[in-house]
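Here the protein sequences come in this chain order: A and B. Heads up: the first sequence begins at 32 in my numbering, then just goes up one per residue. Heads up: the second sequence begins at 32 in my numbering, then just goes up one per residue. Structure first, then comments.
There are 2 protein chains.
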Amino acid sequence: VQPELDPTAALLAFFRRHASGVAVITMIDEAGKPYGFTATSVTSLGAKPPLATFNVASGSSSWAALCTSTYVAMHTLTDENLDLAIKMSSPHELRFASDDWMRGPHDLPVFTAASSVAIGKVREIHNVESNAVVIVDVEQGLVGEGQGALLYFQREYRRLGEALTNRNS
Amino acid sequence: VQPELDPTAALLAFFRRHASGVAVITMIDEAGKPYGFTATSVTSLGAKPPLATFNVASGSSSWAALCTSTYVAMHTLTDENLDLAIKMSSPHELRFASDDWMRGPHDLPVFTAASSVAIGKVREIHNVESNAVVIVDVEQGLVGEGQGALLYFQREYRRLGEALTNRNS
Numbered sequence: 032v033q034p035e036l037d038p039t040a041a042l043l044a045f046f047r048r049h050a051s052g053v054a055v056i057t058m059i060d061e062a063g064k065p066y067g068f069t070a071t072s073v074t075s076l077g078a079k080p081p082l083a084t085f086n087v088a089s090g091s092s093s094w095a096a097l098c099t100s101t102y103v104a105m106h107t108l109t110d111e112n113l114d115l116a117i118k119m120s121s122p123h124e125l126r127f128a129s130d131d132w133m134r135g136p137h138d139l140p141v142f143t144a145a146s147s148v149a150i151g152k153v154r155e156i157h158n159v160e161s162n163a164v165v166i167v168d169v170e171q172g173l174v175g176e177g178q179g180a181l182l183y184f185q186r187e188y189r190r191l192g193e194a195l196t197n198r199n200s
Numbered sequence: 032v033q034p035e036l037d038p039t040a041a042l043l044a045f046f047r048r049h050a051s052g053v054a055v056i057t058m059i060d061e062a063g064k065p066y067g068f069t070a071t072s073v074t075s076l077g078a079k080p081p082l083a084t085f086n087v088a089s090g091s092s093s094w095a096a097l098c099t100s101t102y103v104a105m106h107t108l109t110d111e112n113l114d115l116a117i118k119m120s121s122p123h124e125l126r127f128a129s130d131d132w133m134r135g136p137h138d139l140p141v142f143t144a145a146s147s148v149a150i151g152k153v154r155e156i157h158n159v160e161s162n163a164v165v166i167v168d169v170e171q172g173l174v175g176e177g178q179g180a181l182l183y184f185q186r187e188y189r190r191l192g193e194a195l196t197n198r199n200s
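See the structure below:
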């Protein structure tokens with residue numbers, strides 16, 4: 032192991048080696064206009080009560096809408112949803128330009144090709160420097176038919192590989 | 032898409048379809064005794080300043096040590112580290128029983144087979160119900176030689192699959 036003493040370089044080196052599941056998060060502003068983005072930070076915060084978290088930059092195009100949203104829709108993606116992941120991280124005016132979404136619970140934009148959707152009520156937006164940790168209570172969900180998962184690793188989208196077996200068991 | 036109206040069932044259905052990168056987080060208690068656990072919740076919270084987050088249950092075996100720790104070591108794993116991931120989620124007395132770790136910066140336990148290590152200073156432990164979001168400032172790191180990544184999906188460890196190319200570009 033080689034030392035990396037610069038803090039930002041250490042963080043970048045670490046997260047280049049960390050794989051993440053890819054999700055899409057959507058919300059609406061007070062006028063009902065859809066907002067959303069691709070996120071690699073969605074995690075569970077316990078099942079009883081059902082809580083989830085994700086991170087967002089407070090400079091992002093969805094930030095103002097998120098701050099006034101009561102609800103968000105979180106979508107899991109599979110490798111069949113690569114185009115959606117790319118679209119939801121492209122310029123915001125392109126993200127809802129197609130007819131691949133519908134209005135779901137609480138008028139939230141729902142991409143029906145996602146493998147599942149969890150509807151969360153925003154409990155807390157916790158600001159940390161120029162980013163925020165968003166904590167939501169999961170209230171209901173929608174389950175799709177997609178299999179597998181879409182991953183992000185070393186700045187590339189990746190497919191899920193095979194299952195591993197413990198060599199010692 | 033089919034509706035799932037029970038909140039806990041909705042959360043479980045969602046996270047079964049969400050893949051996560053697998054990490055190991057270690058710390059020491061006030062006597063210097065090593066603690067640690069396998070985590071699937073490590074995410075970046077921005078690079079300037081370099082911040083990371085992970086989630087932990089306040090009933091976990093590492094909780095008391097974490098609450099008094101100034102520093103933590105976060106490890107990225109590859110599919111070569113499957114045994115380590117399994118060991119660090121087995122009974123706590125087994126987790127540091129082998130000689131696969133050494134004392135790193137701040138006396139933190141460092142598993143040298145990991146693909147990288149980020150040393151974080153605990154900035155904040157944010158309690159939410161029976162879990163907590165831990166926010167750390169990344170201060171330095173160690174880079175190993177391992178390639179690839181270890182994933183967790185549908186209660187199985189998985190290897191990383193191939194890179195995907197946008198069909199529209």
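By construction, the Cβ of each residue, glycine as well, lies at the ideal position given by its N, Cα and C atoms.
Pairwise C-beta distances place the segment 157-173 of chain A in contact with the segment 76-93 of chain B, as three or more of them are shorter than 8 Å. Gly177 of chain A and Asn112 of chain A have their C-alpha atoms some 9 Å from each other. One finds His49 in chain B with Cβ atoms closer than 8 Å to the Cβ of Val73 of chain A, taken in chain order.
Rounded to the nearest angstrom, the gap between the Cα atoms of Thr99 of chain B and Glu61 of chain B is 7 Å.
Cβ neighbours of Pro65 of chain B within its own chain (closer than 7 Å, five residues either side excluded): Thr57, Ile59, Phe127 and Pro140.
Within a 10 Å sphere around the beta-carbon of Gln171 of chain A sit 16 or more other beta-carbons, which makes this residue buried.
Counting C-beta atoms within 10 angstroms of its own C-beta, Thr74 of chain B has 16 or more neighbours from the protein chains shown and is therefore classed as buried. What Asp110 of chain B touches in chain A, judged by beta-carbon distance under 9 Å, is Gly192 and Leu195, going in chain order.
Using beta-carbon distances, Glu160 of chain A counts as an interface residue toward chain B, with a partner under 8 Å.
For Pro34 of chain A, the nearest CB of chain B lies under 8 Å from its own CB, placing it at the interface with that chain.
According to the DSSP assignment, Phe45 of chain A belongs to the alpha helix (DSSP H) that extends over Pro38 to Arg47. Around the C-beta of Met105 of chain B, 16 or more other C-beta atoms lie within 10 Å, and the residue is accordingly described as buried.
Counting C-beta pairs closer than 8 Å gives fewer than three between the segment 136-151 of chain A and the segment 183-192 of chain A, which falls short of the contact rule. Within the model, the alpha-carbon separation for His157 of chain A versus Thr71 of chain A is close to 18 Å. For the segment 151-175 of chain B, the residues whose beta carbon sits under 8 Å from a beta carbon of chain A are, in order, Arg154, Glu155, His157, Val159, Glu160, Ser161, Asn162, Val164, Ile166, Asp168, Val169, Glu170, Gln171, Gly172, Leu173, Val174 and Gly175. In the three-state scheme derived from DSSP, where H, G and I count as helix and E and B as strand, Thr69 of chain B is classed as strand. Under the rule that a run must span 3 or more residues, the beta strand (DSSP E) segments found entirely inside the segment 119-155 of chain B read 132-134 and 140-142. DSSP, read as helix, strand or coil, puts Ala194 of chain A in strand. Counting along the chain, the unbroken alpha helix (DSSP H) around Thr99 of chain B starts and ends at Trp94 to Thr99.
Contact with chain A is found for Phe45 of chain B, since one of that chain's Cβ atoms lies less than 8 Å from the residue's Cβ. The beta carbons of Asp110 of chain B and Arg190 of chain B sit about 5 Å from each other, so the pair counts as a contact at 8 Å. For Leu36 of chain A, the number of other beta carbons within 10 angstroms of its own is below 16, and it is reported as exposed. The Cβ atoms of Arg154 of chain B and Asp131 of chain B lie no closer than 8 Å to each other. The three-state reading of DSSP puts Leu108 of chain B in coil, since its state is none of H, G, I, E or B. Of the residues assessed, Leu97 of chain A falls on the buried side of the cut-off, its CB having 16 or more other CB atoms within 10 angstroms. Considering only A:Thr101, A:Ala145, A:Ser92 and A:Val148, the residue with the shortest C-alpha distance to Leu125 of chain A is A:Ser92. Here Thr101 of chain B is actually not in contact with Val32 of chain A; their C-beta atoms are around 22 Å apart, not less than 8 Å. A direct Cα-to-Cα measurement between Ala44 of chain B and Phe85 of chain B gives close to 21 Å. Taking C-beta atoms under 8 Å as the contact rule, Ser120 of chain B and Phe68 of chain B qualify, at a distance of about 7 Å. It is roughly 27 Å from the alpha-carbon of Arg48 of chain A to the alpha-carbon of Ser147 of chain A.
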